[in-house]
Amino acid sequence: MGIALGGGFARGVAHVGVLKVLEEENIPISFIAGTSVGALIGAAYCSGVTIAELEQIAARVRFKHFASWTLSRYGFASNQRMIGFLSSILKVRTFEELHIPLAVTATDFSTGDGVVFHSGPLVDPVRASCAYPGMFLPVKIRGRLLVDGMLAHAVPSVPLREMGAERVLAVHLKGHWANEDGPRHLFDVIGQCFSIAQEMNCGVWKQAADLVIQPDVNGYKYDAFEHSAELVRAGEVVTRAALPEIRKWMSVDSPAKTKVSAPAVTQPAVMPADL
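Just so we're aligned, residue 782 is where the sequence shown starts under this note's numbering, counting upward by one.
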């Protein structure tokens, strides 16, 4: 089975809850593909970082730990600090050393093509996958300017199929503001525009997935790292709700019989009162 971890900035902490339940229930994971924060969490988990360690990291991390404000025609922040952050948490340095095969997605800023990394150093591909356009500066790798993988692979189920995954569980971090809320600043506006565009073009990655689960991250802002415990819980709740379906299609011998046509699984999570 392969797990596709989509992007969503701080909301991506919910991925930790998804992985936590799958591990507790002894659901084998053969491949992981990650986009943006999904790439970061996927890289950490595949490198040997435990669920308990991921929860501790999520509880203490803040925007300042991996970004610094700058003034550039390409963006308002650099994720150069992510080099030190990733180096401090990853237990290996290259894709080849990972315990679970991993794909990290990015987008070529010039062509719009999706770029998928499977080999070589880990840090820069993860940085590129997290380089949200308009906020972070692009990351140059092998002469190409790369930005957030969300533009090409919002949820990277297609790269998982290309890796050989016969069954794909896709984790989609689709969140909305409450009706009374509005954008706080430019980055909220940019983020919502990207979310709308991605929702209108989600057919490809959904078609490549056997089951789509959507942790309830409604109301959580893109930088809501202080709510890590609630976000982990949101991932746990939706994954436990999906366990019967996961076990059912994992027990079928033929991958062709595993396609799930039911709606995505979404379960409510306890939301903090101040959101």
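No residue lacks a Cβ here, since even glycine has one placed at the ideal position from N, Cα and C. Note that the coordinates shown come from a computational prediction; the quantities given were computed from them, not determined experimentally.
Rounded straight-line distance, which links the Cα of residue j to that of residue i
| i | j | result |
| --- | --- | --- |
| Ala814 | Ser1032 | 22 angstroms |
| His899 | Ala884 | 5 angstroms |
| Val842 | Glu836 | 10 angstroms |
| Gly984 | Ala990 | 10 angstroms |
| Gly789 | Pro940 | 18 angstroms |
| Phe1006 | Ala795 | 11 angstroms |
| Arg908 | Ile870 | 14 angstroms |
| Val1041 | Leu992 | Because Val1041 sits at a pLDDT of 39, beneath the cut-off of 50, its placement in the model cannot be relied upon, and the following sentence gives the value as read from the coordinates. Spanning the two alpha carbons is a distance of roughly 6 angstroms. |
| Lys987 | Ala820 | 18 angstroms |
| Ile808 | Gly865 | 32 angstroms |
| Ile810 | Val830 | 15 angstroms |
| Glu834 | Ser868 | 15 angstroms |
| Pro882 | Met782 | 12 angstroms |
| Asn999 | Gly787 | 15 angstroms |
| Val818 | Gly793 | 6 angstroms |
| Ala824 | Leu879 | 8 angstroms |
| Pro937 | Arg862 | 25 angstroms |
Residue i: CB within 8 angstroms of a non-hydrogen atom of the ligand NAP
| i | result |
| --- | --- |
| Ser1009 | Absence of the ligand NAP is noted for the structure shown, with no ligands found whatsoever. |
Among the options, the one whose alpha carbon lies nearest that of residue i
| i | options | result |
| --- | --- | --- |
| Phe890 | Tyr913, Lys955, Asp905, Val873 | Tyr913 |
| Ile822 | Glu806, Ser910, His1008 | Ser910 |
| Ala933 | Val949, Val907, Val904, Gly895 | Gly895 |
| Gln995 | Ser811, Ala825, Lys955 | Lys955 |
| Pro1058 | Glu877, Pro919, His1008, Val936 | Because the chain is modelled from 782 through 1056, residue 1058 falls outside the range shown and cannot be assessed. |
| Val1013 | Val873, Thr875, Ile838, Val920 | Ile838 |
| Ala791 | Val1018, Val1019, Trp1030, Glu1011 | Glu1011 |
| Arg874 | Arg1021, Ser828, Gly930 | Ser828 |
| Asp905 | Gly793, Glu806, Lys921, Glu804 | Lys921 |
| Trp1030 | His1008, Glu1017, Arg948, Pro919 | Arg948 |
| Ser1021 | Lys801, Gly893, Tyr1003 | It is Arg, not Ser, that sits at residue 1021 in the sequence shown. Ranking the options by Cα distance to Arg1021, first place goes to Lys801. |
| Thr886 | Ala785, Asp1004, Thr816 | Thr816 |
| His953 | Lys872, Leu803, Ala1015 | Ala1015 |
Three-state secondary structure assigned by DSSP to residue i
| i | result |
| --- | --- |
| Phe812 | strand |
| Ile881 | coil |
| Arg942 | helix |
| Gly823 | helix |
| Val794 | helix |
| Pro1025 | helix |
| Pro996 | coil |
| Leu950 | strand |
| Thr831 | coil |
| Gly865 | helix |
| Gly787 | coil |
| Asn960 | Bear in mind that a pLDDT of 48 at Asn960, under 50, signals an unreliable position, so the number given afterwards is only what the model happens to contain. Residue state, collapsed to three classes: coil. |
| Val842 | coil |
| Ser1035 | Because the pLDDT at Ser1035 is just 44, under 50, the model does not fix this residue reliably, and the value given afterwards should be weighed accordingly. If DSSP states are grouped into helix, strand and coil, Ser1035 belongs with coil. |
| Gly1016 | helix |
| Lys955 | coil |
| Gly984 | helix |
| Lys801 | helix |
| Val907 | helix |
| Ala1010 | helix |
| Glu806 | coil |
| Val818 | helix |
For residue i, the residue or residues it bridges with in DSSP
| i | result |
| --- | --- |
| Leu927 | Asp889, Val920 |
| Pro902 | Thr875 |
| Val897 | Thr886 |
Residue-level contact to chain D via CB, residue i, 9 angstroms cutoff
| i | result |
| --- | --- |
| Glu943 | Reference to chain D is not applicable here, since this structure consists of a single protein chain. |
Can you confirm whether the stretch 913 to 930 touches the stretch 943 to 953 when touching is taken to mean that 3 or more C-beta pairs between the two stretches lie within less than 8 angstroms? no
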